[in-house]
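Residues -12 to 80, numbered by this note's numbering, are exactly what the sequence shown covers, in order. C-beta atoms are modelled at their ideal positions from N, C-alpha and C, and glycine is treated no differently.
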Amino acid sequence: AVGACAVFQWPYVAPMFIPMGFSALYHRGFTKVFVCAILSTLMFLLIPSIFDSYIYGKPVIPVLNQVLYNVVGEGGGGEGANLYGTEPWDYYF
């Protein structure tokens, strides 16, 4: 669950959890790890998507938006990963 939280909320750390996943598979077995992964995915992907979609009034997938903005460079006026005060003042309202 900790790995899923970190991966879905900050997806750039995913490679760090690969050894932990192999260890969990070895010690817990495929079924328990698979069930935990599915439940974690639902909790950390579906719940924020539902909440943010309600708030913004349109379908939103926060994790996808984060990856698109920071990795692909889409969003934020088309400039991508320009952080810390580079957005226009009305972006925050």
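Three-state class that DSSP yields for residue i in the structure shown
i	result
residue 8	helix
residue 47	coil
residue 21	helix
residue 31	helix
residue 80	coil
residue 75	coil
Burial state of residue i, where buried means 16 or more other Cβ atoms lie within 10 Å
i	result
residue 31	buried
Cβ shell of residue i (< 6 Å), same chain only, five flanking positions each side left out
i	result
residue 48	36
residue 40	46, 47
Check whether residue i and residue j have beta carbons under 7 Å apart
i	j	result
residue 29	residue 20	no
Neighbourhood of residue i by C-beta, 8 Å cutoff - its chain only, sequence neighbours within 5 removed
i	result
residue 76	none
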